[in-house]
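Protein chains: 2
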Amino acid sequence: MKRDLPTEERILKAARKVFLDKGLEGSRMQDIADTAGINKAMLHYYFRSKEKLFETIFSEVVDGFLPRIFGILNADDSLFEKINKFCSAYIEQELETPYVPFFIVGEMNRDPKAFLKKVLKGKKPPLRKVTLQIQEEIKKGSIKKFQPVELLLTVLSLCVFPFLARPMLQTVTGMNMKQFITLMEKRKIELPGIIIKSIKA
Amino acid sequence: MKRDLPTEERILKAARKVFLDKGLEGSRMQDIADTAGINKAMLHYYFRSKEKLFETIFSEVVDGFLPRIFGILNADDSLFEKINKFCSAYIEQELETPYVPFFIVGEMNRDPKAFLKKVLKGKKPPLRKVTLQIQEEIKKGSIKKFQPVELLLTVLSLCVFPFLARPMLQTVTGMNMKQFITLMEKRKIELPGIIIKSIKA
DNA sequence: GTCTATATTCCGATAGAC
DNA sequence: GTCTATCGGAATATAGAC
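Those protein sequence lines, which keep their order, are chains A and B. Under our numbering, think of the first position of the first sequence as 16, with each following residue one higher. Under our numbering, think of the first position of the second sequence as 16, with each following residue one higher.
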């Protein structure tokens with residue numbers, strides 16, 4: 016793997032690949048070393064421990080998509096516009112890094128409290144503004160009465176699950192990666208419509 | 016744990032609990048032994064190896080819900096009726112065994128080919144009949160033109176994902192297990208409507 | 001069948017030469 | 001900084017007494 020990169024970056028690149036694919040417990044330091052084309056001892060020289068190396072990758076991943084998502088939720092757009100942008104941003108992000116959802120769900124399950132602490136860093140998830148917008152639209156009568164958490168579930172389900180189910184989907188349908196991407200590009204456009212229909216009065 | 020059950024069943028019960036919760040790699044034989052209230056050596060006496068014990072639980076889990084699902088897909092109901100029954104059956108099943116989706120997704124990711132081989136046992140997933148029904152409804156003009164896989168994705172996303180996201184959901188919203196169950200009972204009734212709306216012409 | 005004790009394997013981590 | 005060799009602990013697996 017990329018013999019021209021400096022060692023530290025080669026390690027990060029390899030660790031990203033292995034950890035994202037197999038999670039913390041499923042990954043071996045030997046695997047990461049082999050992938051990076053260097054010796055196992057080097058991993059410890061640069062990152063002290065497996066945990067520390069993992070934390071580095073984890074933060075990198077979270078910081079890579081969370082700000083974008085939070086930004087959308089806190090913007091000044093209408094509720095419907097936000098649903099649109101959220102789906103687009105989320106699916107585009109996932110198409111770039113298709114293993115991230117697995118990684119996230121795995122970590123979430125392994126240790127939910129530690130996970131949220133690391134992800135939110137003491138802050139609260141920025142759901143307040145959207146919640147208010149939902150209540151307002153309900154009052155206006157433009158959408159049905161429902162709990163905000165239901166919309167959250169609908170949106171996340173439709174955006175995230177396909178990436179979790181991708182291995183199964185590809186094996187069952189014989190679809191290759193390119194076809195999967197095409198399918199998700201199509202859904203990126205269609206999902207907001209489905210979601211909005213589901214809440215319209 | 017249940018001192019009155021025969022040893023083999025105590026082991027199975029404990030293994031079910033631990034494996035479903037932590038997956039293959041996250042589970043320890045010691046954990047299972049402790050949970051069963053017996054000695055570690057007994058696990059090997061009855062099941063030879065960790066892998067073998069895991070396979071047993073895995074098959075048990077898969078056989079516990081797949082026939083029901085396949086039965087619904089192959090029944091003589093209309094497409095819309097099937098969507099209804101599928102959502103109900105799936106969510107009811109998951110409410111009984113809320114860790115199964117994690118387990119399934121984890122295994123699917125760990126080794127997709129082995130997973131499908133074990134699950135389908137050489138057979139094909141029974142999607143042919145539903146596919147034909149979709150094509151028929153499209154021809155009739157009662158639903159939009161779309162690929163069957165899209166409907167599959169929509170249904171599975173909405174039914175499965177909430178259970179994968181439950182730990183996060185509970186931590187973020189402060190919801191307890193009972194509240195989560197109430198939420199899913201509600202969605203069990205609403206989801207078919209959302210799904211059918213999404214495909215209606 | 002069940003236990004204790006021990007062997008074996010695997011893996012993260014470190015020591016030390018270069 | 002990079003490597004080889006090795007340690008030490010943890011986890012799976014087995015031997016052997018009862």
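Virtual Cβ for every residue (Gly too), placed ideally from N, Cα, C.
Same chain only: Cβ atoms within 8 Å of residue i, ignoring 5 sequence neighbours per side
{"i": "N191(A)", "result": "Q185"}
{"i": "D91(A)", "result": "none"}
{"i": "A104(B)", "result": "R83, I84, I87"}
{"i": "Q194(A)", "result": "none"}
{"i": "L81(B)", "result": "V134"}
{"i": "L20(B)", "result": "K28"}
From the options, residue whose alpha carbon lies closest to that of residue i
{"i": "K201(A)", "options": "A180(A), V187(A), C174(A)", "result": "C174(A)"}
{"i": "T11(B)", "options": "I98(B), K65(B), A51(B), K212(B)", "result": "The requested residue 11(B) is not part of the displayed model; chain B covers only 16 to 216."}
{"i": "G52(A)", "options": "K100(A), R25(A), K193(A), L68(A)", "result": "R25(A)"}
{"i": "P116(B)", "options": "K133(A), A180(A), T169(A), D78(A)", "result": "A180(A)"}
{"i": "E151(A)", "options": "S93(A), T169(A), G121(A)", "result": "S93(A)"}
{"i": "M123(A)", "options": "K138(B), Y114(B), G79(B)", "result": "Y114(B)"}
{"i": "K65(A)", "options": "A29(A), L81(A), V120(A)", "result": "A29(A)"}
{"i": "F62(A)", "options": "I119(A), L171(A), T22(A)", "result": "T22(A)"}
{"i": "G79(A)", "options": "H59(A), I204(A), I119(A)", "result": "I119(A)"}
{"i": "I72(A)", "options": "E205(A), R31(A), L20(A), K203(A)", "result": "R31(A)"}
{"i": "L217(B)", "options": "K203(A), I149(A), K154(A), I153(A)", "result": "Only positions 16 to 216 of chain B appear in this structure, which leaves residue 217(B) out of reach."}
{"i": "D36(B)", "options": "K37(A), D19(A), P127(A), L35(A)", "result": "P127(A)"}
{"i": "G189(A)", "options": "V187(B), I196(B), V164(B), M183(B)", "result": "V164(B)"}
{"i": "P182(B)", "options": "L171(B), I196(B), S172(B)", "result": "I196(B)"}
{"i": "R143(B)", "options": "M57(A), E205(A), V187(A)", "result": "V187(A)"}
{"i": "M57(B)", "options": "K154(B), L27(B), F130(B)", "result": "L27(B)"}
{"i": "C112(A)", "options": "I209(A), Y60(A), V170(A), E75(A)", "result": "For the record, residue 112(A) in the displayed sequence is Thr; it is not Cys. Comparing Cα positions, the closest option is E75(A)."}
{"i": "S172(B)", "options": "I209(A), K154(A), Q148(A)", "result": "I209(A)"}
7 Å Cβ cut-off: residues of chain A touching residue i
{"i": "I204(B)", "result": "In chain order: nothing, as chain A lies at least about 12 Å away."}
{"i": "K212(B)", "result": "K212, S213"}
Chain-ordered neighbours of residue i on chain B, where CB pairs are closer than 7 Å
{"i": "E40(A)", "result": "E40, G41"}
{"i": "K128(A)", "result": "T186"}
{"i": "S172(A)", "result": "S172, L173, F176, P177"}
Amino acids of chain A, ordered along the chain, whose beta-carbon sits closer than 8 Å to that of residue i
{"i": "K144(B)", "result": "By Cβ distance, chain A contributes nothing, its closest Cβ being about 15 Å from K144(B), past 8 Å."}
{"i": "F117(B)", "result": "V120, N124"}
{"i": "G183(B)", "result": "This sequence places Met at residue 183(B); Gly is not what is there. M123, P127, F130, L131, listed in chain order."}
{"i": "P140(B)", "result": "V187"}
{"i": "I26(B)", "result": "Chain A residues near I26(B): none, gap ~23 Å exceeds 8 Å."}
{"i": "A51(B)", "result": "Correct list: empty, because the minimum Cβ distance to chain A is about 22 Å."}
Neighbourhood of residue i by C-beta, 7 Å cutoff - its chain only, sequence neighbours within 5 removed
{"i": "S157(A)", "result": "A216"}
{"i": "P141(A)", "result": "F85, L88, N89"}
{"i": "P207(A)", "result": "I98, N99, C102"}
{"i": "M199(A)", "result": "I106, L110, P177"}
{"i": "F95(A)", "result": "I211"}
{"i": "V33(B)", "result": "S42, D46, I47, T50"}
{"i": "I214(A)", "result": "I158, K159, F161, L166"}
{"i": "K55(B)", "result": "M44, Q45, A48"}
{"i": "G121(A)", "result": "G38"}
{"i": "P130(A)", "result": "According to the sequence shown, residue 130(A) is Phe rather than Pro. Contacts found: E122, M123."}
{"i": "I149(A)", "result": "L94, P163, L166"}
Under 9 Å by beta carbon: chain B residues contacting residue i
{"i": "L198(A)", "result": "Q162, V164, E165, L168"}
{"i": "P82(A)", "result": "Here the premise fails: no neighbours, minimum Cβ distance about 18 Å."}
{"i": "I153(A)", "result": "Here the premise fails: no neighbours, minimum Cβ distance about 16 Å."}
{"i": "A30(A)", "result": "Residues of chain B passing the Cβ test: none, with the nearest at roughly 18 Å."}
{"i": "A216(A)", "result": "The premise fails here: A216(A) is roughly 13 Å from chain B at the closest Cβ pair, so nothing lies under 9 Å."}
Cβ-heavy atom distance, residue i to the ligand SAM, below 7 Å
{"i": "G156(B)", "result": "Of ligands this structure carries none, so the ligand SAM is not represented either."}
Cutoff 6 Å; reference residue i; Cβ partners in own chain excluding five residues on either side
{"i": "L39(A)", "result": "F69"}
{"i": "V77(B)", "result": "V134"}
{"i": "Q108(B)", "result": "F80"}
{"i": "I153(A)", "result": "K160"}
Where residue i meets chain B, residues with beta-carbon distance less than 8 Å
{"i": "A104(A)", "result": "The contacting residues do not exist; A104(A) stays about 18 Å from chain B at best."}
{"i": "I230(A)", "result": "The shown model of chain A, from 16 to 216, leaves out residue 230(A), and the question about it has no answer."}
Contacts that residue i makes with chain A (C-beta to C-beta distance below 9 Å)
{"i": "I149(B)", "result": "Those do not exist, as I149(B) stays about 14 Å from chain A at its closest Cβ, beyond 9 Å."}
{"i": "I47(B)", "result": "Under the 9 Å cutoff, chain A gives no residues; its nearest Cβ is about 16 Å from I47(B)."}
{"i": "K158(B)", "result": "Reading off the sequence, residue 158(B) comes out as Ile, not Lys. Those do not exist, as I158(B) stays about 13 Å from chain A at its closest Cβ, beyond 9 Å."}
{"i": "A56(B)", "result": "The premise fails here: A56(B) is roughly 25 Å from chain A at the closest Cβ pair, so nothing lies under 9 Å."}
Taking the runs of the alpha helix (DSSP H) that are 4 residues or longer, which of them lie wholly in the segment 21-52 of chain A? 22-41, 44-51
For the segment 74-101 of chain B, enumerate the residues whose C-beta is nearer than 8 Å to any C-beta of chain A, in chain order. none
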